[in-house]
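Okay, so the sequence shown: first residue is 2 according to the working numbering, each after it adds one.
Each residue gets a CB set at the ideal place from its N, CA and C atoms; glycine is no exception.
Heads up: the structure comes next, in structure tokens.
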Amino acid sequence: MDPMTVVEQIGGGLQAVVIVGQAIANIVQYRRNNQLQDKLLDLTQTMGKENRDLLSQTNLAISANAETMREAVRELRGRK
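Here it is, written out as structure tokens:
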């Protein structure tokens, strides 16, 4: 809807212009907020995936290290 039409419908004058101006500013802020929330959601999902990948790599490294330690302990026990 045309802002000037709205101004005329609510009686015109400075008060009507201010009301319409504030409404337009609120709409712009609402849309921007939605964009930022969408970006934050995407960032959070990406970060979650990266953290899961990092955790999987860490678990693999720990498992490999644990097996190496088990072999070392077996070797040391066999020498006694």
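By the Cβ neighbour-count rule, V19 is exposed, with fewer than 16 other Cβ atoms within 10 Å of its own. Around the beta carbon of V29, a 10 Å sphere encloses fewer than 16 other beta carbons of the protein chains shown; the residue is thus reported as exposed.
Here DSSP, grouped into helix, strand and coil, assigns G12 to coil.
By the C-beta density criterion, V74 is exposed, having fewer than 16 other C-beta atoms within 10 angstroms.
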